[in-house]
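Working notes for the structure below.
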Amino acid sequence: MNSIPLQEVAQQCLHAFTQLVPASRAAFYRVDRQLQARDFRLHGMTGEMHRDYLDHYRQFDPLQPRNCLSSGLTVVPIELAMTRQPRRDNQRYRDFLQRHGIVDVVEVLAHRAGQPQAAISLLRTAEQGAFNSEQLARLEALQSLLQMAVANLQPCEDPLLDLTPKERQIAHLLRQGASNKQLAQELGVSLATIKTHLINLFRKTGVSSRTELVVNLFL
Numbered sequence: 001m002n003s004i005p006l007q008e009v010a011q012q013c014l015h016a017f018t019q020l021v022p023a024s025r026a027a028f029y030r031v032d033r034q035l036q037a038r039d040f041r042l043h044g045m046t047g048e049m050h051r052d053y054l055d056h057y058r059q060f061d062p063l064q065p066r067n068c069l070s071s072g073l074t075v076v077p078i079e080l081a082m083t084r085q086p087r088r089d090n091q092r093y094r095d096f097l098q099r100h101g102i103v104d105v106v107e108v109l110a111h112r113a114g115q116p117q118a119a120i121s122l123l124r125t126a127e128q129g130a131f132n133s134e135q136l137a138r139l140e141a142l143q144s145l146l147q148m149a150v151a152n153l154q155p156c157e158d159p160l161l162d163l164t165p166k167e168r169q170i171a172h173l174l175r176q177g178a179s180n181k182q183l184a185q186e187l188g189v190s191l192a193t194i195k196t197h198l199i200n201l202f203r204k205t206g207v208s209s210r211t212e213l214v215v216n217l218f219l
């Protein structure tokens, strides 16, 4: 069976889930072999909030794929997930959610060979309130549809694995906003060498700008 484009799968899943179980914001993502979430598609969520999450709060998220896998569940409420990590981390993540007006989060996961393959994160504001037991039961039923929807997606590979150690170093520095001059200073090479590395990075990842490169590798 032919694979279905990721964008189409994500849009259809986000539309179905948020129509049947209303959520203020949502995100669809794939999970790579290192159990990292990537290839995000957002619904009702600003890019600013998403960047804030990736840059500062992802490590405190109790609903990361690794944590959800250890729970043994396919529908994981945040309150349950928070019982499985330190209170200090929970408080930092609550601060992030509160700053963005979020009062409840639920993760719904699809698996392949016992490993998370993709997931949908549903977030609700105070206006909608927390998910109730009926809505959680509805998400349990919808999980099988998510499972079928992502069955033909190609396994998610980490694009950083195709890069050399120096290229990975440059990619991480670019994510932090480093200029060519700063890259040259950090690596101890000339600007011409940096430009050559960037050309190779763009070619390998099929992009034409720094912004596209960071999105392709990290978002």
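In this text, residue positions in the sequence shown follow full-length UniProt numbering: the first is 1, and each later residue adds one. All C-beta atoms in this analysis are idealised placements derived from N, C-alpha and C, irrespective of residue type, glycine included.
#1: Give the list of continuous beta strand (DSSP E) stretches no shorter than 3 residues that lie fully inside the stretch 114-147.
#2: Count the other CB atoms, across all protein chains shown, that sit within 10 Å of the CB of residue 74; report buried if there are 16 or more and exposed otherwise.
#3: To which residues of the same chain is residue 160 closer than 8 Å at the C-beta, ignoring the five residues directly before and after it?
#4: Leaving aside the five residues before and after residue 1 along the sequence, list all residues of the same chain whose C-beta is less than 7 Å from its C-beta, in chain order.
#5: From residue 7 to residue 53, what does the alpha carbon distance come to, in whole angstroms?
#6: Can you tell me the Cβ-Cβ gap for residue 23 and residue 124, rounded? I've got them flagged as a contact below 8 Å.
#7: Less than 7 Å between C-beta atoms, sequence neighbours within five positions excluded: which residues of the same chain meet that for residue 18?
Considering the structure as presented:
#1: 115-125
#2: Position 74 of the sequence shown, counted from the first residue, corresponds to residue 74. When all chains shown are included, residue 74 counts as buried.
#3: Counted from its first residue, the sequence shown places residue 160 at position 160. Closer than 8 Å at the Cβ level, and outside the excluded window around residue 160, lie 168, 171 and 217.
#4: Taking the sequence shown and counting its residues from 1, one reaches residue 1 at position 1. Confidence at residue 1 is low in this model, with a pLDDT of 46, below 50, so its placement is unreliable and the value that follows should be read with caution. For residue 1, where only same-chain residues beyond five positions count, the Cβ hits under 7 Å are 152.
#5: Taking the sequence shown and counting its residues from 1, one reaches residue 7 at position 7. Taking the sequence shown and counting its residues from 1, one reaches residue 53 at position 53. The alpha-carbon atoms of residue 7 and residue 53 are separated by roughly 21 Å.
#6: Position 23 of the sequence shown holds residue 23. Position 124 of the sequence shown holds residue 124. About 6 Å separates the two Cβ atoms, so the contact holds.
#7: Locating residue 18 in the sequence shown gives position 18, counting from the first residue. Counting only Cβ-Cβ distances below 7 Å, and skipping sequence neighbours, we find 26 and 43.
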